[in-house]
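Going by numbering that gives the first Met the number 0, the first residue of the sequence shown is number 0, and it counts up by one from there.
All C-beta atoms in this analysis are idealised placements derived from N, C-alpha and C, irrespective of residue type, glycine included.
As the structure is a prediction and not an experimental result, all values here were calculated from the model.
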Amino acid sequence: MNQDVLADLSSRLPGLRLLTDPGDLEHYGRDWTRRWAPAPLAIALPVSIEEVQGIVHWANERNVALVPSGGRTGLSGGAVAAQGELVVSLARMNQVLDFNAVDRTLTVQPGIALEAVHGAAREHGLIYPVDFAARGSCSIGGNIATNAGGIRVIRYGNTREWIAGLKVVAGNGELLDLNRGLIKNSSGYDLRQLMIGSEGTLGIVVEATLRLTDPPPASQVMLLALPDMDALMQVFALFRSRLSLQAFEFFTDIALKHVLAHGAQRAIDGDHPYYVVTEFDAVDERVQDIALEVFEQGVEQGWISDGVMAQSEAQAAALWRLREGITESLASHKPYKNDISVRIGAVPDFLQDIQSLLAREYPHIDVVWFGHIGDGNLHINVLKPASLSDADFIAQCEHVTKLLAQALQRHGGSISAEHGIGLVKRAYLESTRSAAEIALMRGVKATFDPNGILNPGKVFA
Ligand code: 2HG
Ligand code: ZN
Numbered sequence: 000m001n002q003d004v005l006a007d008l009s010s011r012l013p014g015l016r017l018l019t020d021p022g023d024l025e026h027y028g029r030d031w032t033r034r035w036a037p038a039p040l041a042i043a044l045p046v047s048i049e050e051v052q053g054i055v056h057w058a059n060e061r062n063v064a065l066v067p068s069g070g071r072t073g074l075s076g077g078a079v080a081a082q083g084e085l086v087v088s089l090a091r092m093n094q095v096l097d098f099n100a101v102d103r104t105l106t107v108q109p110g111i112a113l114e115a116v117h118g119a120a121r122e123h124g125l126i127y128p129v130d131f132a133a134r135g136s137c138s139i140g141g142n143i144a145t146n147a148g149g150i151r152v153i154r155y156g157n158t159r160e161w162i163a164g165l166k167v168v169a170g171n172g173e174l175l176d177l178n179r180g181l182i183k184n185s186s187g188y189d190l191r192q193l194m195i196g197s198e199g200t201l202g203i204v205v206e207a208t209l210r211l212t213d214p215p216p217a218s219q220v221m222l223l224a225l226p227d228m229d230a231l232m233q234v235f236a237l238f239r240s241r242l243s244l245q246a247f248e249f250f251t252d253i254a255l256k257h258v259l260a261h262g263a264q265r266a267i268d269g270d271h272p273y274y275v276v277t278e279f280d281a282v283d284e285r286v287q288d289i290a291l292e293v294f295e296q297g298v299e300q301g302w303i304s305d306g307v308m309a310q311s312e313a314q315a316a317a318l319w320r321l322r323e324g325i326t327e328s329l330a331s332h333k334p335y336k337n338d339i340s341v342r343i344g345a346v347p348d349f350l351q352d353i354q355s356l357l358a359r360e361y362p363h364i365d366v367v368w369f370g371h372i373g374d375g376n377l378h379i380n381v382l383k384p385a386s387l388s389d390a391d392f393i394a395q396c397e398h399v400t401k402l403l404a405q406a407l408q409r410h411g412g413s414i415s416a417e418h419g420i421g422l423v424k425r426a427y428l429e430s431t432r433s434a435a436e437i438a439l440m441r442g443v444k445a446t447f448d449p450n451g452i453l454n455p456g457k458v459f460a
């Protein structure tokens, strides 16, 4: 049966590369979540927009579900193919197509890695400023599909700020050329923005024109140790009032324990419950003095217990590793991940609320807190104890996530700040989106993908 379907696809698109080896099905059938057993029909590796269109037209006619696939570093199951879907990997469409010096844009294919985009921008003396730890493995198409955020959002915003144009094959097979690099365009609905963050449920990104910008001035990186969670936002307000921040990230002592066990270097002695890595513009010596002044002020107020300022690029990288290495250092513990956000102003009350909730609900389980606290975005990784089965552990975490979702509703937050809804957060979409909004979203889905072939089951059931 599967053979017949694939033979049909091959006769329709004779040049299309298809993979069906069990190892490939396993590799391309999952993302960084490990909850679902991969079971795709096959993997298609198109090399052109025409081939992508051909696949989508064929899938509509034959009623075959498609899972668009980038670097599969996602954490919400958005790229999982566990139901006999055809995975459409954009891995072979990974070239830089154009650089426009006047527009300051870079046009790329969707399968290019974020790190390669960074490199291409740098070759022209510019930067593409969205950045995060998975930069080497994730693809720009996947970044666009989730409106990826990362560690520089505080300065530069999310992916959506940097997409000047998008070519997309919609669920009905039509090729849309959206916004075409325009800075100003008030001619109707902005379908480009609708595509960004749609998790492969409305269309497949086949080309993107990225906005580039000037590199930031020289910067300074500091690691701070804090005595309690309340101090986090106090220190943030203090640093932001005097310094021009490029990043403000936090993590807890448990995160530090794991990242150190994974090879990172300790930078501050002693036991401290909370840490902050911050980076700020440091154009001249004066900024160093201001940073020290601000640091002293924080110490006097009792908000900062210790700190270190990087003395070299290597030391700055070592400090960043303490934050950026967390996800990898936790992977073997099969963490259950929450990726939540509230307005920056709501963070202190929200933290109070959920701190007691999590302490009560996970009394004997390690809960690792970290994330982009300067954006109001918190990552909570709950580590599976060896004594619990996968199923029991997930059931317990789902129960707590329901309570967390209620807290988010009370505080006006979001159940997914930057990782997307995918399969993992689907049951909680109603907690932070109204019934009216969801009904409109379903309508949008039906318009772009009338036969429901694009990433079915993701975002909505
Ligand atoms: C990060 O900020 C990523 O490091 C991953 O968004 C977060 O592993 C996580 O929960
Ligand atoms: Zn993050």
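Is residue i close to the ligand 2HG? I mean its beta-carbon at under 7 Å from any heavy atom of the ligand.
i           : result
residue 363 : no
residue 326 : yes
residue 448 : no
residue 336 : yes
residue 74  : yes
residue 370 : yes
residue 263 : no
residue 417 : yes
residue 294 : no
residue 250 : no
residue 100 : no
Using three-state DSSP, classify residue i as helix, strand or coil.
i           : result
residue 283 : coil
residue 223 : strand
residue 166 : strand
residue 248 : strand
residue 218 : strand
residue 41  : strand
residue 198 : coil
residue 308 : strand
residue 343 : helix
residue 372 : helix
residue 138 : strand
residue 362 : coil
residue 129 : coil
residue 425 : helix
residue 273 : strand
For the ligand ZN, I want to know if residue i counts as a neighbour, meaning its beta carbon is within less than 7 Å of at least one of the ligand's heavy atoms.
i           : result
residue 84  : no
residue 257 : no
residue 247 : no
residue 378 : yes
residue 278 : no
residue 238 : no
residue 235 : no
residue 421 : no
residue 170 : no
residue 70  : no
Does the distance from the CB of residue i to the CB of residue j come in under 8 Å?
i           : j           : result
residue 255 : residue 204 : no
residue 81  : residue 36  : yes
residue 43  : residue 83  : no
residue 381 : residue 321 : no
residue 116 : residue 28  : no
residue 337 : residue 400 : yes
residue 342 : residue 375 : yes
residue 169 : residue 447 : yes
residue 75  : residue 333 : no
residue 430 : residue 414 : yes
residue 47  : residue 89  : no
residue 134 : residue 113 : yes
residue 215 : residue 270 : no
residue 339 : residue 403 : yes
residue 212 : residue 126 : yes
residue 444 : residue 201 : yes
residue 325 : residue 247 : no
Is it buried or exposed for residue i, if we count other Cβ within 10 angstroms and need 16 for buried?
i           : result
residue 108 : buried
residue 188 : exposed
residue 101 : exposed
residue 370 : buried
residue 68  : buried
residue 130 : buried
residue 378 : buried
residue 245 : buried
residue 183 : exposed
residue 304 : buried
residue 282 : exposed
residue 388 : exposed
Taking 8 Å as the CB-CB limit, is residue i close to chain D?
i           : result
residue 200 : Absence of chain D from the displayed structure is noted, only one protein chain being present.
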